[in-house]
Amino acid sequence: MKSLLLTILLATVALGAMARPVRAQDQMTPAEKRQLFREGAKLWPLYCNTCHNARPGAEKAPYEWDEIIMHMRTLGNVPPNDVRALLVYLKSGS
Amino acid sequence: MSRHRLRNVVVALAGLLAIGWPQLASGEDPAPRSREIAAIRKAVKQLQEDREKDRLLIDKLLNRLDTVETENKSLKASNEQLQGQTAQQIGALQTKVEAAPSTSDFSEAVRRYLGSHTFTVTGAAGVDFIYDRQTAAIDGVSNETENTFLLDWEPMVLYRPTDWILFEGVLSGSFGAAGTGTDLSTADFQIFLNDYMTVVGGLFDQPFGDWYENQSPMWVNRFVTAPLPFGVEPVVPPGEVGIQLRGGFQWGEMGQDLDYTTWVGNGPNFSEPVTGAAMGSPTAIAFSQTHSKAFGGRLRFYPLPVDSNIGRLELGASTYDGKWLDGDWLTSWGVDFNYLWGNFQARGEWLESYRQMPAALASDNRQGWYLQLGYILSDVNLPFLPDTLNDRIHRLQPLVRYSGVNQRAVAIDDISGATGVGGGGIQAGLIPDFGLSGSPALYAPHSREVALGLDYYIAPSIVWQNEFDLELPRAGGLFVASDGTTSPVGSTPNDRAFLSQFTVGF
Chain R
464 MKSLLLTILL
474 ATVALGAMAR
484 PVRAQDQMTP
494 AEKRQLFREG
504 AKLWPLYCNT
514 CHNARPGAEK
524 APYEWDEIIM
534 HMRTLGNVPP
544 NDVRALLVYL
554 KSGS
Chain D
312 MSRHRLRNVV
322 VALAGLLAIG
332 WPQLASGEDP
342 APRSREIAAI
352 RKAVKQLQED
362 REKDRLLIDK
372 LLNRLDTVET
382 ENKSLKASNE
392 QLQGQTAQQI
402 GALQTKVEAA
412 PSTSDFSEAV
422 RRYLGSHTFT
432 VTGAAGVDFI
442 YDRQTAAIDG
452 VSNETENTFL
462 LDWEPMVLYR
472 PTDWILFEGV
482 LSGSFGAAGT
492 GTDLSTADFQ
502 IFLNDYMTVV
512 GGLFDQPFGD
522 WYENQSPMWV
532 NRFVTAPLPF
542 GVEPVVPPGE
552 VGIQLRGGFQ
562 WGEMGQDLDY
572 TTWVGNGPNF
582 SEPVTGAAMG
592 SPTAIAFSQT
602 HSKAFGGRLR
612 FYPLPVDSNI
622 GRLELGASTY
632 DGKWLDGDWL
642 TSWGVDFNYL
652 WGNFQARGEW
662 LESYRQMPAA
672 LASDNRQGWY
682 LQLGYILSDV
692 NLPFLPDTLN
702 DRIHRLQPLV
712 RYSGVNQRAV
722 AIDDISGATG
732 VGGGGIQAGL
742 IPDFGLSGSP
752 ALYAPHSREV
762 ALGLDYYIAP
772 SIVWQNEFDL
782 ELPRAGGLFV
792 ASDGTTSPVG
802 STPNDRAFLS
812 QFTVGF
């Protein structure tokens, strides 16, 4: 059992290292940001309200949204592009 | 007139009188007349000198006046120049103020100021009042009508040392009928390997179904209490210490997603090796040797694209399996759904666990379910009411929930011996706790509950929740003592409870 767990762990780390890393928001072009903002505006009321009332971007500072979106990304297993869109949308209102 | 000049005038007049008077008196004496003339001349000369002095003084004053007037003009010019410069400077400052740094620039400045390691405190706090009218005891379990105020504070600290690591920890501090209690609800690291893989390690809510992870925070749960299968008679353990691998991806259009969660943990644990024993908390699991690790998996599927405008539907399936004692297994599985369309929301879960028992004991099977419906009245306008009242109505959300649990038996020691601090949904005894009425009916092997709710949203995360519970347990099942003796559960007390809670998510 221990060897199986170790194998799974090593395989996970190897897969993770090979995969494309998460792209930071400051690497986006203005056109990409505008597109993500439009997508975020659609996703925000639907994704957030699925579990709790959607909270306006103005409630938190941009750096706080950086952390909260990581927390929500984990809880909701939100796809990567949707995470970026929501983050751009929320930070634009803060 | 100065005294000096007055004296000269007097002297001159006296001279004139001296000249005129002797002529009238005697015109024959020339010597005195010449003296008078001399005196007059002297007086005239004096007057002429005084006049010259005055003229010089006037000239001097006029010159001074010219100088002052020139200086005044110069000062005026300087003042006007200064005013002009000041106006220019103010204009420049206004331009600078109006051209303030953009949000992103300001954000970047704050980020630099805060440094790369940042903290955020979120979480929730709430105060609630519970009135529980307990009509009768279940066999062998006492009853007493309760009413009390309770408080709970659950700060969540998020620590982000870099953009691919997050630490989160939730502390729970509560003031209940049995005293104050603290609890470490979750504490885990989240390592974002890439877009589709996140490793979570530590103490976490059980990722089984939707409730423990996503619905248990007090400001997120639409009701004050948890549905029965996630309350005092959990079907699967509410928390776990271990490691997860999870992620999600889009398989179709935007909104059409699939996500997965797999995990390994310390495994299940029970208070006693008897049927119906209470689930152990993660700390009890860590303290007790459970002989094996447990494995869990969950898939969630989202079939509706966002642009279809027919809402968001989530369909999920979960399993959790591990040996709880020697070679005896706990196996469990469940399905869940969640549908949101505009102001309407429906969610529900069905879950079941099967526990092998040692020796000749019958297996410990448990089932649980709930169905919850809610509607936010934000589009309801009653024309006969003023706008202020309609605005209040828009903030209301009526709710209804039906939940139930079926167990073969419940360990009687777990009810009578519970301390009243119900961290993580562990049995809390027959006294109210935060979000728990403490009704004996909740502990019936075949408990059923209809909950009616009315929430009033002051802000998206500030809510006043009201709940009315009708406990409708069914007869059947057994109470099991620690020595294994059993007694059938026959009576079905229909308790009523009212819970009102003010909650802030921050």
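These protein sequences, in sequence, are chains R and D. With the first sequence counted from 1, adding 463 to any position gets you my numbering. With the second sequence counted from 1, adding 311 to any position gets you my numbering. Backbone N, C-alpha and C fix where the C-beta goes; we use that ideal spot for every residue, glycine too. The structure presented is a predicted model; accordingly, all values stated were derived computationally and were not measured.
Within-7 Å CB hit, residue i to chain R
{"i": "D:G558", "result": "yes"}
{"i": "D:T473", "result": "no"}
{"i": "D:D570", "result": "yes"}
{"i": "D:N390", "result": "no"}
{"i": "D:F813", "result": "no"}
{"i": "D:E479", "result": "yes"}
{"i": "D:V535", "result": "no"}
{"i": "D:S271", "result": "For residue 271 of chain D there is no data in the structure shown, the boundaries of chain D being 312 and 817."}
{"i": "D:G735", "result": "Annotation note: pLDDT 43 at D:G735 (below 50); position unreliable, coordinate value reported separately. So, not an interface residue."}
{"i": "D:D690", "result": "no"}
{"i": "D:Q776", "result": "no"}
{"i": "D:A435", "result": "no"}
{"i": "D:T429", "result": "yes"}
CB contact flag (residue i, residue j, <7 Å)
{"i": "D:G512", "j": "D:M467", "result": "no"}
{"i": "D:R823", "j": "D:A762", "result": "Outside the modelled stretch of chain D, which goes from 312 to 817, sits residue 823 of chain D, for which no answer is possible."}
{"i": "D:G576", "j": "D:V546", "result": "no"}
{"i": "D:L461", "j": "D:F790", "result": "no"}
{"i": "D:P784", "j": "D:S758", "result": "yes"}
{"i": "D:P756", "j": "D:V721", "result": "yes"}
{"i": "D:G550", "j": "D:D499", "result": "no"}
{"i": "D:G764", "j": "D:E457", "result": "no"}
{"i": "D:G607", "j": "D:Y631", "result": "yes"}
{"i": "R:L538", "j": "D:E524", "result": "yes"}
{"i": "D:R471", "j": "R:N540", "result": "no"}
{"i": "D:W530", "j": "D:S772", "result": "yes"}
{"i": "D:E778", "j": "D:V535", "result": "yes"}
{"i": "D:W680", "j": "D:G715", "result": "yes"}
{"i": "R:L549", "j": "R:G520", "result": "no"}
{"i": "D:Q708", "j": "D:G437", "result": "no"}
{"i": "D:T459", "j": "D:I441", "result": "yes"}
{"i": "D:S664", "j": "D:S643", "result": "yes"}
CB contact below 7 Å: residue i versus chain D
{"i": "R:V551", "result": "no"}
{"i": "R:E530", "result": "yes"}
{"i": "R:T623", "result": "Because chain R is modelled from 464 through 557, residue 623 of chain R falls outside the range shown and cannot be assessed."}
{"i": "R:M535", "result": "no"}
{"i": "R:C417", "result": "Nothing in the structure corresponds to residue 417 of chain R, since chain R is present only between 464 and 557."}
{"i": "R:P508", "result": "no"}
{"i": "R:R518", "result": "yes"}
{"i": "R:P484", "result": "With a pLDDT of 48 at R:P484, under the threshold of 50, the modelled position of this residue cannot be trusted; read the value that follows with caution. At least one chain D Cβ lies under 7 Å of R:P484."}
{"i": "R:E495", "result": "no"}
Those residues which DSSP pairs with residue i across a bridge
{"i": "D:N458", "result": "D:Y442"}
{"i": "D:Y470", "result": "D:F430, D:F478"}
{"i": "D:G685", "result": "D:Q656, D:L710"}
{"i": "D:Y571", "result": "D:G558, D:L610"}
{"i": "D:W644", "result": "D:T630, D:E663"}
{"i": "D:F809", "result": "D:Y442, D:F779"}
{"i": "D:V716", "result": "D:G679"}
{"i": "D:L624", "result": "D:Y650"}
{"i": "D:S582", "result": "DSSP output for D:S582 lists no bridge partner at all."}
{"i": "D:I773", "result": "D:A770, D:V815"}
First and last residue of the uninterrupted beta strand (DSSP E) at residue i
{"i": "D:A762", "result": "759 to 770"}
{"i": "D:G512", "result": "508 to 516"}
{"i": "D:S527", "result": "No beta strand (DSSP E) holds D:S527; DSSP gives it neither H nor E."}
{"i": "D:S798", "result": "797 to 799"}
{"i": "D:L789", "result": "789 to 791"}
Extent of the continuous alpha helix (DSSP H) to which residue i belongs
{"i": "D:N505", "result": "First-last for D:N505: 490 to 505, but that is the beta strand (DSSP E), not the alpha helix (DSSP H)."}
{"i": "R:L499", "result": "493 to 506"}
{"i": "R:P543", "result": "543 to 555"}
{"i": "D:T699", "result": "698 to 705"}
{"i": "D:L747", "result": "Run containing D:L747: none; DSSP gives neither H nor E here."}
{"i": "R:T537", "result": "525 to 539"}
Chain-ordered neighbours of residue i on chain B, where CB pairs are closer than 9 Å
{"i": "R:L499", "result": "Although the question refers to chain B, the structure presented lacks it and instead comprises the protein chains R and D."}
Contact test: residue i Cβ vs the ligand PLP heavy atom, cutoff 6 Å
{"i": "R:R536", "result": "By its list of ligands, the structure shown contains no ligand whatsoever, and the ligand PLP lies outside what it can speak to."}
Worksheet entry | the stretch 636 to 645 of chain D contacting the stretch 667 to 674 of chain D, beta-carbon criterion three pairs below 8 Å | yes
* Asked: Quick check: the stretch 498 to 512 of chain D against the stretch 495 to 504 of chain R, are there 3 or more CB pairs under 8 Å?
  -> no
>> Taking 8 Å as the cut-off, does the stretch 680 to 696 of chain D touch the stretch 653 to 663 of chain D (at least 3 CB pairs, one atom from each stretch)?
In response: yes
* Asked: Would you say the stretch 611 to 626 of chain D touches the stretch 579 to 588 of chain D, given that touching needs at least three Cβ pairs under 8 Å?
  -> no
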